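This report concerns only the one structure given below.
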Amino acid sequence: MSSGKAVLCRYYRNGAEVSDLCPVNNKSPTPIPSPGIGRITAVAKNNSTYRTTCWLALFYISDIFFIIICNVGNLIKRGMVGVGASESSLEEIKKTLHESETKCHVLFEKSIDPVLLMDNGRFIDCNNAALDILHCHNKDRIIGLRPFQISPERQPDGQLSEEKEKTAVYLTGNEMDSRFEWVHRTFDNTDLWVQVSLSTISVNGKLISFVHWRDITERKQAEEKLRTLLAELESKNRQLAKAYEELKSSEAMLIQLEKMASLGQISAGIAHELKNPLSIILQGIAYVQSSVEDGTLVDACERIKKSAIRADIVIQNLLSFSRQAPPSFSEADMNILIEEALAMVEHQMNLQNIEIVRNYSHRIPVVRADGNQIKQVFINIFINATEAMKGGGTITIATTAGSDKDGEPYVRVAITDTGAGIPEEIIKNVLDPFFTTKRGSGGTGLGLSVTKEIIDRHHGSIAINSEEVSGTTVTITLPCNPSKKENTLDG
-19 MSSGKAVLCR
-9 YYRNGAEVSD
1 LCPVNNKSPT
11 PIPSPGIGRI
21 TAVAKNNSTY
31 RTTCWLALFY
41 ISDIFFIIIC
51 NVGNLIKRGM
61 VGVGASESSL
71 EEIKKTLHES
81 ETKCHVLFEK
91 SIDPVLLMDN
101 GRFIDCNNAA
111 LDILHCHNKD
121 RIIGLRPFQI
131 SPERQPDGQL
141 SEEKEKTAVY
151 LTGNEMDSRF
161 EWVHRTFDNT
171 DLWVQVSLST
181 ISVNGKLISF
191 VHWRDITERK
201 QAEEKLRTLL
211 AELESKNRQL
221 AKAYEELKSS
231 EAMLIQLEKM
241 ASLGQISAGI
251 AHELKNPLSI
261 ILQGIAYVQS
271 SVEDGTLVDA
281 CERIKKSAIR
291 ADIVIQNLLS
301 FSRQAPPSFS
311 EADMNILIEE
321 ALAMVEHQMN
331 LQNIEIVRNY
341 SHRIPVVRAD
351 GNQIKQVFIN
361 IFINATEAMK
371 GGGTITIATT
381 AGSDKDGEPY
391 VRVAITDTGA
401 GIPEEIIKNV
411 LDPFFTTKRG
421 SGGTGLGLSV
431 TKEIIDRHHG
441 SIAINSEEVS
451 GTTVTITLPC
461 NPSKKENTLD
471 G
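Just so we're aligned, residue -19 is where the sequence shown starts under the numbering used here, counting upward by one.
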C-alpha cells in the first residue's frame, strides 16, 4: 500500500462533533505503514472532550479514507471509513463528466442519422437530422407526439398505425433492443420509410427509449419498382406465350387455307363441268313428266328429279365454296330470311314428321347481309337437322337481339333439333371441308363448311353445341353493321 497524507475532516462520536484534524507542530504526518500495527509520531490536536487522551488522524491512500485513533502515540484503532477523493480529484472528475456530457450532446445533435428520445411512448427530444427528415423546422412540433401521430393512418400491412404502435415495436416496455421497419409521414405529407433501431437506456435511474432512424425510402421505392417490373415481365411472358399459341394456330390455319384454296380450284372445275349436263337432265325430266301419264314412269321421273336437284345443290355448294365471292349487302329481316329458307325444305320436313317451333323476337333490328347467302346458311342447317331426325322430331328456331362489348348491335339465331346429337370427339371437326358422318348415304361434308365461310364473310360467328341423344343447337350471330366488325363476336 502506498503512503498517504492527512486531510481536513470532521470526526463524529456519539453525535458530538470533534475538532478538525491537523498535523502536530505543523509537521507533515508520518506515512502509515503497510498494513500492520505500529507507532506513529504524526498526531492530531488533543481531543479534550474525552477524559482519556485520544489523538485522531485521518489519512487517505488511493482515494480510500482511513481513520487512526491513538492514545499517547499508541495505535488503538484503525479502519476504512469510505471512498472519496481529494479536492483536486473531485475537480478532475467534474471536468471529465462535463466533457463527457458535452461530447454526448454534440454527438446527439450533430449525428447525420435521425435520433430521438422517448418517454412513456412520447417523443421528448430529437436532433436536427430528425427535424430535417420530417421536414419540420421546430422541435416543439414533435415533442409530446406519439409515433402514430406522425405516421399514415395504416401501415403497409393494413394495420392501423395507432394499434400497431401499441401492440408491438415502438413501445418495448423493457430493456430489450429491437429493430423494425415503419412508415412515417413527414410534415409536408410525404411517406417516409425508416428502419427503426430501438433501445432502452437509464437516465438518472429512469428508463427512456433511444430511437435511431435510418431512411430506407429509396430502397423501398426501388423494391416496389422491381416488383412492378417483375409483374410487367410476367404479364409480357403470358402475352408472349399467348402470341406464340396464336402464331401456331395461325400457321395451322394458313396450311388449311392453302389446302382449301387448292381444293376450291379443283371443286370449281368439277362443278362447272357437271352443272351444264345436270341442267339438261333436269329439263329433260321436266319434259318427260309433262308428257307421260303412266304413274310408274311419273314416280320414276320424280325420283330422278330429286336426285338431280340434290346433285345441283352439291354443285352450288362447291361453287359457293370455291368462289369466296364477297357478299352483296342490303338490309334484311332475319325472321323473313328464315321463313324463306324453311319454305324450300318444309316439304321434306313434313314427310319426316318434323315439327317446327318458332320463337321469333319481333323487336330485332334489320341486318345488313347478303340475303341469298344467309338463306343458304339456314337451308344447310335445316337439312342437317332433318337428316339427324329420321324418325321425326322437333326443330326450334329462336331469334334474339343484343349488343357486344363495344355496344354494337347484333341478331342471334339459335336452331335446336331433337336428333341423335354429335359425339364429343368429332364435334370440333364438323365445320371442316368434306368432313361427314354420312358418307355412305350421300353426304359431301360441304354444307357446314360453306355455312361457316358465309358467316365469316359477314363478320359473324357460328357455334355448335351438342349432346348425344338430346340433340344439337347451332347458334349464329350476325352483326347489324358487319363493316364495323372483324370477327370479334362471341359464339
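Each residue gets a CB set at the ideal place from its N, CA and C atoms; glycine is no exception. Since this is a predicted model, take the numbers as computed values, not measurements.
Rounded distance between the beta-carbons of Thr398 and Gly371, thought under 8 Å: What you label residue 371 is simply residue 391 of the sequence shown in a count that begins at 1. What you label residue 398 is simply residue 418 of the sequence shown in a count that begins at 1. Separation of the CB atoms of Gly371 and Thr398 is rounded to 10 Å, and the pair is thereby denied contact status at 8 Å.
DSSP state of Lys186 mapped onto helix, strand, coil: Indexing the sequence shown from 1 puts residue 186 at position 206. When DSSP states are grouped into helix, strand and coil, Lys186 belongs to the strand group.
Sub-9 Å separation of Ala394 and Val454 beta-carbons: Along the sequence shown, one-based indexing puts residue 394 at 414. Along the sequence shown, one-based indexing puts residue 454 at 474. Result yes, Cβ atoms of Ala394 and Val454 sit closer than 9 Å.
Segment limits, alpha helix (DSSP H) that includes Ala327: The residue labelled residue 327 in the question sits at position 347 within the sequence shown. A small correction: the amino acid at residue 327 is His; Ala does not occupy that position in the sequence shown. Start and end: Met314 to Leu331.
Contacts around Asn108, its chain only, beta-carbon distance under 7 Å, and the 5 residues preceding and following it disregarded: The sequence position of residue 108 within the sequence shown is 128, counting from 1. The answer, listed in chain order, is Glu89.
Where Ile122 falls: helix, strand or coil (DSSP): Locating residue 122 in the sequence shown gives position 142, where the first residue counts as 1. When secondary structure is reduced to three states using DSSP, Ile122 falls in the coil class, being assigned neither helix nor strand.
Backbone secondary structure at Glu282 - three-state DSSP: Here the question's residue 282 lines up with position 302 in the sequence shown. It is helical.
Burial state of Leu234, where buried means 16 or more other Cβ atoms lie within 10 Å: For the purposes of this step, residue 234 is taken as the residue at position 254 of the sequence shown. By the 10 Å Cβ count, Leu234 comes out exposed.
Host alpha helix (DSSP H) of Ser131 (start-end): For the purposes of this step, residue 131 is identified with residue 151 of the sequence shown, where counting begins at 1. Note, Ser131: premise wrong, no alpha helix (DSSP H); not H, not E.
DSSP bridge partner residues for Phe103 (one or two, in chain order): Residue mapping note: residue 103 aligns to position 123 of the sequence shown, counting from 1. Residue pairing by DSSP places Phe103 opposite Met98 in a beta bridge.
Sub-9 Å separation of Leu97 and Phe103 beta-carbons: Translated into positions along the sequence shown, residue 97 becomes position 117. Translated into positions along the sequence shown, residue 103 becomes position 123. Yes.
Proximity of Gly387 and Glu447 at Cβ, strictly below 9 Å: On the sequence shown, position 407 is the one that residue 387 refers to. On the sequence shown, position 467 is the one that residue 447 refers to. No, the pair does not count as a contact, with Cβ atoms beyond the cut-off.
For Phe190, the nearest candidate out of Glu212, Lys255 and Ser158 (CA to CA): Reading the sequence shown from its first residue, position 210 is the one you call residue 190. Considering only alpha carbons, the answer is Ser158.
Ile334 to Ala211 span [Cα, whole Å]: Along the sequence shown, read from residue 1 onward, the residue named residue 334 stands at position 354. Along the sequence shown, read from residue 1 onward, the residue named residue 211 stands at position 231. Straight across, the Cα-Cα distance linking Ile334 with Ala211 is about 58 Å.
Helix, strand or coil at Gly371 [DSSP, three-state]: Mapped onto the sequence shown, residue 371 falls at position 391. Note: Gly371 maps to coil in three-state DSSP.
Three-state secondary structure assigned by DSSP to Arg348: Counting from 1 along the sequence shown, the entry for residue 348 is found at position 368. Strand, per DSSP.
DSSP-derived helix/strand/coil call for Lys139: Stepping through the sequence shown from its first residue, residue 139 is reached at position 159. Lys is not the amino acid found at residue 139; the sequence shown has Gln there. For Gln139, the three-state secondary structure derived from DSSP is coil.
Best match in Val163, Glu311, Asp274 and Gln356 for proximity to Arg194 [C-alpha to C-alpha]: Translated into positions along the sequence shown, residue 194 becomes position 214. Put simply, of Val163, Glu311, Asp274 and Gln356 the residue whose alpha carbon is nearest the alpha carbon of Arg194 is Val163.
Identity of the residues DSSP links to Gly451 by a beta bridge: Position 471 of the sequence shown, counting from 1, holds the residue named residue 451. The partner list for Gly451 (beta bridge, DSSP) reads Glu447.
Proximity below 9 Å, CB of Thr452 to CB of Ile442: Here residue 452 corresponds to residue number 472 of the sequence shown, with the count starting at 1. Here residue 442 corresponds to residue number 462 of the sequence shown, with the count starting at 1. At least 9 Å separates the beta-carbon of Thr452 from that of Ile442.
Option nearest Lys432 by Cα separation, candidates Asp93, Ile354 and Ile375: As a first step, residue 432 must be located in the sequence shown, where it is residue number 452. Distance check between Lys432 and each of Asp93, Ile354 and Ile375 places Ile354 closest, using alpha-carbon atoms only.
Reference Asp292, options Asn315, Ile316, Ala321 and Ile260, closest by Cα: Indexing the sequence shown from 1 puts residue 292 at position 312. Out of Asn315, Ile316, Ala321 and Ile260, Ile260 has the C-alpha closest to the C-alpha of Asp292.
Cβ pair count under 8 Å reaching 3, the segment 342 to 358 against the segment 310 to 328: Short answer: they touch.
Ser177 beta carbon less than 9 Å from that of His192: If you number the sequence shown from 1, residue 192 lands on position 212. If you number the sequence shown from 1, residue 177 lands on position 197. One thing to note: His192 has its Cβ within 9 Å of the Cβ of Ser177.
Proximity to Ile318 [Cα-Cα], best of Asn330, Gln332, Leu331 and Val337: Reading the sequence shown from its first residue, position 338 is the one you call residue 318. Proximity to Ile318 across Asn330, Gln332, Leu331 and Val337 peaks at Val337, based on C-alpha coordinates.
Cβ shell of Cys460 (< 8 Å), same chain only, five flanking positions each side left out: In the sequence shown, residue 460 corresponds to position 480, counting from 1. If you ignore the 5 residues before and after Cys460, its C-beta comes within less than 8 Å of the C-beta of Pro345, Val346, Val347, Arg348, Glu388, Pro389, Tyr390 and Val391, all in its own chain and listed in chain order.
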